[in-house]
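Under full-length UniProt numbering, the sequence shown has 291 at position 291, and the numbering climbs by one with no breaks. Just so you know, even glycine gets a beta-carbon here, dropped at the ideal spot from N, CA and C. None of the values given here were measured: they were computed from a predicted structure. To start, the structure under review is shown below, and the notes come after it.
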Amino acid sequence: MVPGVRRSAMLRDLRPGTLYSLTLYGLRGPHKADSIQGTARTLSPVLESPRDLQFSDIGETSAKVKWVPPTSRVDSFKISYQLADGGEPQSVQVDGRTQTQILQGLIPDTRYEVTVVSVRGFEESEPLTGFLTTVPDGPTQLRALNLTDGSALLHWKPPHKPVDKYDVEVESPGAPPLQASAPGSAVDYPLTDLALDTNYTATVRGLRGPNFTSPASITFTTGLKPPQDLEAKEVTPRTALLTWTEPEVPPTGYLLSFDTPGGQIQEILLPAGTTSHRLLRLFPSTFYSAQLRAIWGESLTPPVLTSFTTGGLRIPFPRDCGEELKNGPSASKTTTIFLNGNRERPLDVFCDMETDGGGWLVDGLLERLGGSSEPHLTQAGDYSMRVDLRAGKEAVFAQYDFFRVDSAKENYRLHLEGYRGTAGDSMSYHSGSVFSARDRDPNNLLISCAVSYRGAWWYRNCHYANLNGLYGSTVDHQGVSWYHWKGFEFSVPFTEMKLRPRNFQVPTRGT
């Protein structure tokens with residue numbers, strides 16, 4: 001009995017792990033008021049373990065774990081799993097009301113030891129332990145190729161772990177299933193005598209000892225027609241337009257493939273409704289063969305074929321924009337050059353074909369420093385460099401007859417000389433400097449110029465030109481500046497650095 005003003009009471013000397021029924025009623029004089037009832041269970045002296053560990057939905061890389069919680073209260077459960085023959089355990093902790101957990105990232109065909117423990121505060125129960133074995137990995141990427149009215153070729157990617165043989169099953173409504181086997185080294189299986197315009201379901205699974213792997217399945221339909229009239233049109237030295245006629249039953253997409261000069265096959269997936277595609281970055285004076293298949297889901301029709309030969313160029317693999325200009329006059333454009341004329345080392349660049357006779361490779365230099373392409377282009381030292389600057393209606397330039405950037409081993413050291421132009425010579429001061437950035441400064445100055453002026457540049461101590469500065473900034477010489485034109489406090493809104501060969505000669509009209 002407790003005073004009527006109390007709202008709680010401590011019950012003592014109860015037995016551990018016991019369920020009690022509680023009744024609370026009020027007293028008013030000798031009379032009892034209405035009562036309320038409830039139950040409570042005292043904690044066990046030892047934290048109970050979960051029980052009845054079960055595994056389900058076991059796949060190649062995942063499995064579902066289920067358990068029954070103990071009768072006593074727990075804060076959480078910790079599930080741990082590791083290779084049964086030893087290894088680094090992985091753990092995941094879940095809320096105390098949870099009774100299932102999916103384990104991810106398992107290895108196919110592998111035995112695991114799994115434990116579940118109850119957690120309350122810093123206390124853990126004895127583990128509940130079980131073992132599971134994941135499903136062996138099976139074939140994947142099953143496709144039905146070369147679909148005709150009565151045949152198809154099943155093709156799949158083999159599992160990582162070899163199998164003894166494959167079980168092949170093909171079913172269609174109203175027909176007995178086809179069951180066959182293929183050797184463990186096989187990656188395809190031909191189907192013949194299929195019914196026209198019929199839906200089939202094909203399943204392939206591997207057999208490793210007495211165990212089947214996970215299956216790969218597809219559905220395909222016979223009688224689907226391939227595209228027609230594949231042609232190559234508008235063939236130029238570097239491009240070709242392929243066109244075709246869509247089949248009567250539109251497919252879900254197309255697979256276009258063509259041989260590359262290096263002997264590899266390039267594949268391009270195209271969406272439904274497409275009837276043409278332009279091939280880019282082809283090599284001049286080169287024979288190409290192309291084939292096109294219609295796609296329905298995971299099924300492909302037999303290919304339709306065409307071939308063509310690209311046109312010739314005076315310089316098939318230009319090393320720079322100057323050599324590209326020798327292939328014929330053109331407007332400024334994005335094009336492909338080849339480092340040292342090597343067809344295996346293409347590089348997409350923008351060529352200014354108009355300024356001062358054209359043949360200029362525009363920008364990209366600062367962005368590529370730290371990579372491998374631009375230094376290879378300029379280490380030979382046979383390039384000129386031009387800088388175009390614009391602010392409103394004002395336009396000036398600075399051109400240097402000799403320009404070279406050393407290799408990464410030399411920290412991309414800059415060499416230039418032979419100024420002419422209208423902007424004033426702000427770059428000669430930087431000749432001989434190494435390239436520095438805020439995270440990499442070989443100069444080892446007490447205060448890094450790259451940090452102070454918020455850029456990456458050939459800083460000396462520190463700059464008269466800062467074309468990689470903060471755009472639009474007029475504070476503390478941190479903007480895009482060219483001192484001999486606008487001083488330090490003006491940020492130049494438009495700049496272009498461009499390169500072309502020193503021996504470049506402006507082509508005359510008609511050459």
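- Cβ-Cβ separation between Ala186 and Thr222: approximately 22 Å, too far for a contact (criterion under 8 Å).
- The Cβ atoms of Val163 and Gly184 sit closer than 8 Å to each other.
- For Gly206, the uninterrupted beta strand (DSSP E) run begins and ends at Asn199 to Arg208, by DSSP.
- Around the C-beta of Asn468, 16 or more other C-beta atoms lie within 10 Å, and the residue is accordingly described as buried.
- By the neighbour-count criterion, in which 16 or more other beta carbons inside 10 Å mark a residue as buried, Asp229 falls on the exposed side.
- The Cβ neighbour count for Lys498, taken over all protein chains shown within 10 Å, is at least 16; the residue is labelled buried.
- In this structure, DSSP gives Tyr471 a state outside helix and strand, which the three-state scheme calls coil.
- The criterion of a C-beta distance shorter than 8 Å is satisfied by Tyr483 and Ser426.
- In the DSSP assignment, Leu325 falls within the unbroken alpha helix (DSSP H) covering Cys321 to Leu325.
- Rounded to the nearest whole angstrom, the C-alpha separation of Pro127 and Pro176 is 51 Å.
- Between Thr201 and Pro215, the C-beta gap is not smaller than 8 Å, which leaves the two residues out of contact.
- For Lys161, the three-state secondary structure derived from DSSP is coil.
- Put simply, the backbone Cα of Thr334 is about 34 Å away from that of Glu489.
- For Trp67, the enclosing beta strand (DSSP E) has its first and last residue at Ala63 to Val68.
- Residue nearest to Asn199 within the set Pro173, Thr100 and Pro329 is Pro173 (criterion: CA-CA distance).
- Counting C-beta pairs with one atom in each stretch, the segment 108-120 and the segment 66-81 have three or more that are closer than 8 Å, which means they touch.
- The three-state secondary structure of Ala408, taken from DSSP, is helix.
- The distance from the Cβ of Ser481 to that of Asn466 is about 5 Å, consistent with a contact at the 8 Å cut-off.
- Boundaries of the alpha helix (DSSP H) harbouring Ser452: Cys449 to Ser452, taken from the DSSP string.
- Exclusion of the five residues before and after Ser72 leaves Leu43, Ser44 and Glu48 as the residues of its chain whose Cβ lies within less than 6 Å of its Cβ.
- Rounded to whole angstroms, Thr275 and Thr239 show a C-alpha spacing of 17 Å.
- Contact between the segment 277-292 and the segment 128-146 is absent: fewer than 3 CB-CB pairs across the two stretches fall below 8 Å.
- Restricting attention to Ala294, Ala9, Gly432 and Tyr112, the CA atom closest to the CA of Val304 is found in Ala294.
- Following the DSSP letters along the chain, one finds Trp296 inside the beta strand (DSSP E) bounded by residues Phe287 to Trp296.
- By the neighbour-count criterion, in which 16 or more other beta carbons inside 10 Å mark a residue as buried, Met385 falls on the buried side.
- Measuring C-alpha to C-alpha distances from Ala272 to each of Gln266, Pro247 and His430 identifies Pro247 as the nearest.
- Excluding residues up to 5 positions away in sequence, Pro136 lie with their Cβ nearer than 7 Å to the Cβ of Asn211 in the same chain.
- Gly328 is the residue among Gly328, Pro442 and Ser431 whose C-alpha sits nearest the C-alpha of Arg314.
- In this structure, Thr134 lies away from Pro302, with their beta-carbon atoms at least 8 Å apart.
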